[in-house]
Amino acid sequence: MTWGVEGLGVSLGQSQALDDITLDLPAGRVTAVVGGDGAGKTTLLRVLAGLLLPTRGVTRLPERAQVGYLPARAGGFRDLTVAENLEFVASVCRLPDAKRQADALLERTGLAPFRRRLARDLSGGMRQKLGVIMAVLPEPALLVLDEPTTGIDPGSRADLWHLMALAAARGAAVAVSSAYLDEAERAAWVLVLHDGRPLLAGPPDRVKASLPGSVVEVDVPADPARAWRRGPRWREWRPGGDPAAVEPGLEDVVIAAALAAAAGGEP
Amino acid sequence: MSAVEARAVTRRFGDFVAVDRADLTVEAGEVVGVLGANGAGKTTLIRLILGLLPVSEGTVHLFGRPPSRETRRRTGYVPQGLGLYRDLTAAENLSFAAAAFGVAAQPPPAGAETGVVGSLPLGRQRQVAFAAALQHRPELLVLDEPTSGVAPLARARLWDRIRSQAATGTAVLVTTHYMDEARQADRLVLMARGRVVGQGGEADIVGDARAVVVRTDDWAQAFSALEGAGLSAALVGRDVRLPGAAPEAVHQALRDAGLPADVETEPATLEEAMVLAARQGGP
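Protein chains in written order, with this note's numbering: chain A, 1133 to 1399; chain B, 767 to 1049.
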């Protein structure tokens, strides 16, 4: 089953939060939604989670009980222990076999020694892991995670991506938002949002190949408006192409596309 | 004379050794990135360098002398939480910081002129925090996770700013969890369990760390089979990567599951190398 949205628009008060978003969420695929603060990631994820009705467009989403949603900076009820949080999910979702599954996930993500700790006393990474485990435990058809890895160290981030991969391997469609392209490159499909609109979309390799022209690395940029830093040197987008092109990363391509969108007004 | 010179610095909290004989130097005009898992000792090391915590052993010198109010005056610091007063406007924050350093206040950045700081978008708040840390023209800039949650283009602009500072001779010490950001540094320092376990460019940090990469038509089956065999697998696109795994164990697990797959060994990524370093010698 492929979930998703088509021609989605969301107006919040006077402002247009999302415009013309089309995104497929096939079962078994991890899809990353990328953008900065205010790009519309959270709004899109709230629509996917069934918490916000779109102003325009079509949605194909599972019923609410089949969606696992983790809002940004959530991660369990703070005044319950890790074990109590998981028991709560098992009881609310009527999951008779959840204990064994939860134990395996706690073990796999290094949370097992902290079963009796209050969620409020966990580190940021541990709380996010608890939140994702709570979201995957009922085996939802669609898993929606809002910036689960922001500010989280690489070890916990690897565990979080592991939980997403386990859910996808079991057949869930996974939608995860992030502000970081190096991280989004791990997804099978990336949607880059910019001011509520789609800037780029596709498998990371295809998105990288889609940039017109070339990215070069130089000491002094020819056109500073098309250049950004990479360590002590600059990277510069040359829309007409350049034989000295370097292989751009996903971040380079997104920056170039954002510069093009800013220069050309609305695409 | 180095802007920062930490020699064999150790810091204990009771029996816990947070920083263990760490060496770190930052020269004028150099951008040094400190990487490491939570609990690796990055934040403690920064607090030792800033003089916010005394060392248990070893020496820290800033501009050739021990940390003091005088060295603090020559240092700009943007903590992870930004360190702004959320109930004050950007202009009020800037004039407060300027008064503390005894310099003239700079005007607030464009788009941050009105409203209290707490009401500004995160990206603008970061610009204000940078402006506040830079207005006394520090010779050392210390940035803790400077661009967490910032859009790629806005992040690139912040790095333009950091790099322009370095170009005028400011030493920059930055901690990050993100590999795109680590690549902005001239030199990287990898910490694990309180120690400096790697230094240099990306290739030096990765060293000889390898990852086994499995490519197959059905990644989910391969992933489940490898997991079932007790191997730690990571999904990247449709490839399954196993940093630090023995290729033979991977072949065996796939053979046992009857799964044909293309198995190769590749250099680990910077992030994989960091995770391996953090996990070496126990969780």
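Cβ atoms here follow ideal geometry from the backbone N, Cα and C, with glycine treated the same way.
Would you mind stating whether Glu1349 of chain A and Arg1338 of chain A have Cβ atoms separated by less than 9 Å? Between Glu1349 of chain A and Arg1338 of chain A, the C-beta spacing is not below 9 Å.
Using the rule of at least 16 other Cβ atoms within 10 Å of the residue's Cβ for burial, across every protein chain shown, is Ser930 of chain B buried or exposed? Exposed.
Where the beta strand (DSSP E) containing Gln987 of chain B begins and where it ends: That residue, Gln987 of chain B, is in no beta strand (DSSP E); its alpha helix (DSSP H) goes 985-994.
Give me, in chain order, the residues of the same chain whose beta-carbon lies closer than 8 Å to that of Gly1141 of chain A; leave out the 5 immediate sequence neighbours on both sides. Result list for Gly1141 of chain A: Gln1148, Leu1150, Asp1151, Asp1152, Ile1153, Pro1186, Thr1187, Arg1188, Gly1189, in chain order.
How would you label Gly996 of chain B, buried or exposed, when you count the other beta carbons within 10 angstroms and need 16 or more for buried? Gly996 of chain B comes out exposed.
Is DSSP giving Ile971 of chain B helix, strand or coil here? Residue state, collapsed to three classes: helix.
Name the residues in the region 1358-1389 of chain A whose C-beta lies less than 8 Å from a C-beta of chain B; which are they? Correct list: Trp1360, Arg1361, Arg1362, Gly1363, Pro1364, Gly1381, Glu1383, Val1386, Ile1387.
Out of B:Val1041, B:Ala999, B:Glu1014, point me to the one whose CA is closest to Gly944 of chain B's CA. Sequence check: residue 944 of chain B is Tyr here, not Gly. Comparing Cα positions, the closest option is B:Val1041.
Which of helix, strand or coil does DSSP assign to Gln950 of chain B? Here Gln950 of chain B sits in coil by DSSP.
For Ala1395 of chain A versus Val1347 of chain A, is the C-beta spacing smaller than 9 Å? Result no, Cβ atoms of Ala1395 of chain A and Val1347 of chain A do not sit closer than 9 Å.
Same chain only: Cβ atoms within 8 Å of Ala784 of chain B, ignoring 5 sequence neighbours per side: Arg777, Arg778, Gly807, Thr810, Gly960.
Starting from Trp1293 of chain A, find everything on chain B with Cβ-Cβ shorter than 8 Å and list it in chain order. Simply Ala1000, Leu1001.
When DSSP builds the beta bridges, which residues end up paired with Met957 of chain B? DSSP, once it has assigned bridges, lists B:Gly802, B:Val962 as partnering Met957 of chain B.
Between which two residues does the alpha helix (DSSP H) carrying Ser1346 of chain A extend? Under the DSSP assignment, Ser1346 of chain A falls outside any alpha helix (DSSP H), being part of the beta strand (DSSP E) whose first and last residues are 1346-1350.
Pick from A:Val1276, A:Gly1256, A:Arg1302: whose alpha carbon is nearest that of Gly1200 of chain A? Cα-wise, what sits closest to Gly1200 of chain A is A:Val1276.
For the structure I just gave you, are there three or more beta carbon pairs, one from the region 841-852 of chain B and one from the region 908-916 of chain B, closer than 8 Å? Contact between the region 841-852 of chain B and the region 908-916 of chain B is present, because at least three Cβ pairs lie under 8 Å.
Spatial neighbours of Leu1001 of chain B within its chain, please: CB distance less than 7 Å, with the 5 preceding and 5 following residues excluded, ordered by chain position. Counting only residues of its own chain and dropping the five nearest sequence neighbours on each side, Leu1001 of chain B has a CB closer than 7 Å to the CB of Trp985, Phe989.
Does the region 1352-1366 of chain A come into contact with the region 945-957 of chain B, if we say contact requires no fewer than three beta-carbon pairs (one atom in each stretch) closer than 8 Å? Cβ pair count under 8 Å is three or more, so yes.
So who's on the other strand from Trp1369 of chain A, going by DSSP bridges? Assignment of beta-bridge partners to Trp1369 of chain A by DSSP yields A:Val1347.
Applying the 10 Å Cβ sphere with the 16-neighbour rule, what's the burial state of Gly889 of chain B? The residue is buried, with at least 16 neighbouring Cβ atoms inside 10 Å.
What's the gap between the Cα of Ala1300 of chain A and the Cα of Leu1331 of chain A? Their backbone Cα atoms lie some 25 Å apart in a straight line.
So, is Ser885 of chain B buried or exposed, given that buried needs 16 or more other C-beta atoms within 10 angstroms? Answer is exposed; the Cβ neighbour count stays below 16.
Coil, strand or helix - Phe779 of chain B by DSSP: Strand, per DSSP.
Can you list, in chain order, the residues of its chain whose CB lies under 6 Å from that of Ala975 of chain B, leaving out five sequence neighbours each side? Same-chain partners within the cutoff: Ala1034, Ala1039, Leu1042.
Along the region 872-901 of chain B, what residues have a CB closer than 7 Å to any CB found in chain A? Taking 7 Å as the upper bound on Cβ-Cβ separation, chain A lies near residues Pro887, Leu888, Gly889 of the region 872-901 of chain B.
Looking at the secondary structure, which residues open and close the beta strand (DSSP E) in which Ser1342 of chain A lies? First-last for Ser1342 of chain A: undefined, no H or E at that position.
Contacts around Met767 of chain B, its chain only, beta-carbon distance under 7 Å, and the 5 residues preceding and following it disregarded: Contacts found: Phe829, Gly830.
Just curious, the beta strand (DSSP E) that Gly1310 of chain A is in, first and last residue? The question names Gly, yet the displayed sequence has Ser at residue 1310 of chain A. Element bounds for Ser1310 of chain A: 1305-1310.
Would you mind working out which of B:Ala898, B:Thr982, B:Gly799, B:Asn804 sits nearest Arg1045 of chain B, comparing C-alpha positions? With distances taken between CA atoms, Arg1045 of chain B lies nearest to B:Asn804 out of B:Ala898, B:Thr982, B:Gly799, B:Asn804.
Using the Cβ count rule (16 or more neighbours within 10 Å means buried), how would you classify Lys1340 of chain A? The residue in question, Lys1340 of chain A, is buried, as its Cβ has 16 or more Cβ neighbours within 10 Å.
Check the Cβ-Cβ distances between Gln1046 of chain B and every residue of chain A, and say whether any is below 9 Å. Taking Cβ atoms only, chain A never reaches closer than 9 Å to Gln1046 of chain B, which makes this a no.
By Cβ distance below 8 Å, which residues in the same chain neighbour Ala857 of chain B in space, the five residues on each side in sequence not counted? Excluding sequence neighbours, Ala857 of chain B sits near Ala871, Pro873, Pro874, Glu879.
Start-end ranges of the alpha helix (DSSP H) lying completely within the region 1154-1219 of chain A, minimum 4 residues: The qualifying runs are 1173-1180.
For the candidate residues A:Ala1311, A:Glu1379, A:Ala1357, A:Leu1212, whose alpha-carbon lies nearest to that of Ser914 of chain B? Distances from the alpha-carbon of Ser914 of chain B to those of A:Ala1311, A:Glu1379, A:Ala1357, A:Leu1212 put A:Ala1311 closest.
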